[in-house]
Amino acid sequence: MSDLLRAPAEIKYAEELDWLESIDDNPKPFSWRLSPKMIRLFILGSERADGLDREVSQKWFGDRSIVERAIVTLASDRGLLLIGDPGTGKSWLAELLAAAVCRNSTLVVQGTAGTTEDHIKYSWNVSMVIAKGQSRESMIPSPIMTAMESGVIGRFEELTRSTSDVQDALISILSEKYISVPELDSDNIVFAKPGFSVIATANSRDRGVNDLSSALKRRFNFVRIPVVTNKKSEAEIVRFRTEELLRRHQIELDVPPTLLDVLLQSFSDLRASATAAASDDEKLESALSTAEQIGVLEDAILHSNFFGERALTARTLASSLVGSLARREPEDLAILNKYLHGVVEPRSKEEGGSWPEFLEGGRDAIATLS
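The structure is reproduced here in structure tokens:
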């Protein structure tokens, strides 16, 4: 696994999945590798009351009912649509679910304006078609078709960014559970095997890009992933990702808990400011999601490791925050400058701690970018 830039969940947690499978005596739908109870445990982590011989780490931080409804949906005839704001962990949850159900989370179609029906059905190996004609051997199955033939989970990322033609093609797959190949005279229907399902994700901020038709909506169970607003839960997510980052990069660097508190409080302040803003011009372009918070911290850690004193400082954290969130100039810089002067400066005088250095680092970063 060390030679992979980013291992999929089924490889990253292979040893844990093997162990869970070995002790799992609960009923399993179709050809699932784990039972619904074990999948929930794999995703949300074990508790002392579970009575297991070893601890299972928590990998997704959210409400238990969300995970349970997602698992139940995959055991039904309907597809699963995870919808929410950017950075709420939709794709990560989809990957964990696919890894636990069938040990393959890599059968993915990425929805874009350029996604075509071929990406969810099939295409052709042109050189083989020229040499031998059209046949099943010269056909290139899409990830969705491969999932159908194997009876496993196919994933569709950013469904609402694909065009209506692609969405219409998906309707027949979810309804009929087969794909017709009219170019072939025989063996021209690919049927889905038991266990096949589709997990799609959609960004709630993409409404109006390519709205889902009512027909497609009926083929999915909607599971909404809320933005994490609980500071304790968000802190757990940030700490989990930080530890993962340090392990992946093999970095030994001190990340003081007080600086994590500064980061969490800063994002909380900026979200409150965005909520109170009268217009979009007074809001940062950033969604201020937990994922972006992790991105700020990752940038600061890497900068400290390569160019700093191998210890995270409030100055570096502030510089990374400004650099990551200032996407529009001069609008975002003005909003961040207002935040530093109106919120951080009074707080640094009242509370001290890391705030004065954070204020100074933020001011310097804004001056550099201005």
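Heads up: the sequence shown is residues 678 to 1047, going by our numbering.
No residue lacks a Cβ here, since even glycine has one placed at the ideal position from N, Cα and C.
Here the alpha carbons of Glu814 and Ala964 stand approximately 46 Å from one another. Looking at the DSSP output, Thr878 shares a beta bridge with Leu759. Our two residues, Asp946 and Asp888, have alpha carbons roughly 32 Å apart in a direct line. Unbroken beta strand (DSSP E) runs of no fewer than 3 residues, entirely contained in the region 782 to 862, are found at 785 to 787, 799 to 801, 816 to 818, 830 to 834 and 855 to 857, following chain order. In the DSSP assignment, the residues bridged to Ala988 are Asp931. Look at the beta carbons and you see the region 821 to 835 touching the region 776 to 784: at least three pairs across the two are nearer than 8 Å. Counting every other CB atom within 10 Å of its CB across the protein chains shown gives Lys960 a total of 16 or more, marking it as buried. A straight-line Cα-Cα distance of about 34 Å links Glu1034 and Leu682. Contact between the region 756 to 776 and the region 794 to 805 is absent, with fewer than three C-beta pairs closer than 8 Å.
Contact check for Arg916 and Leu937: beta-carbon distance about 7 Å, within the 8 Å limit, so the pair qualifies. Setting aside the 5 residues that flank it on each side, Ala951 is surrounded in the same chain by Lys960, Leu961 and Leu965, each with a C-beta closer than 7 Å to its C-beta; the list follows chain order. When DSSP assignments are scanned along the region 679 to 738, the uninterrupted stretches of alpha helix (DSSP H) that are 4 or more residues long and fall wholly within it turn out to be 686 to 689, 691 to 700 and 713 to 721. DSSP places Arg1040 in the uninterrupted alpha helix (DSSP H) bounded by Trp1032 to Leu1046.
In this structure, the straight-line span from the alpha carbon of Ser819 to that of Thr750 is close to 23 Å.
Approximately 5 Å separates the beta-carbon atoms of Arg780 and Glu687; this is inside 8 Å, confirming the contact.
The region 1016 to 1030 and the region 977 to 984 do not touch, with fewer than three beta-carbon pairs separated by less than 8 Å.
A buried status is given to Arg992, since no fewer than 16 other beta-carbon atoms sit within 10 Å of its beta-carbon.
Secondary structure of Phe873 (DSSP, three-state): coil. Cβ contact annotation for Leu773 (same chain, cutoff 8 Å, sequence separation greater than five): Ala686, Phe719, Ile720, Lys736, Trp737 and Ser782, in chain order. For Ile866, the pairing in a beta bridge is given by DSSP as Ser857. A direct Cα-Cα distance of roughly 16 Å separates Met822 from Glu834. Only exposed fits Glu853, as fewer than 16 other CB atoms lie within 10 angstroms of its CB. The Cβ-Cβ distance between Ile876 and Ala1011 does not fall below 9 Å.
Beta-bridge pairing by DSSP links Val900 to Leu759. By the Cβ-count criterion, Ile866 is exposed, with fewer than 16 other Cβ atoms from all chains shown falling within 10 Å of its own Cβ. Apart from sequence neighbours up to five positions away, the residues of its chain that approach Pro704 with a beta-carbon distance below 7 Å are Ser712, ordered along the chain. Straight-line spacing of the CA atoms in Leu893 and Asp762 works out to 20 Å. Residue state for Arg1005 is assigned as coil, using DSSP reduced to three classes. Around the beta-carbon of Thr878, 16 or more other beta-carbon atoms lie within 10 Å, marking it buried. Taken atom to atom, the span from the alpha-carbon of Gly756 to that of Glu732 is near 31 Å.
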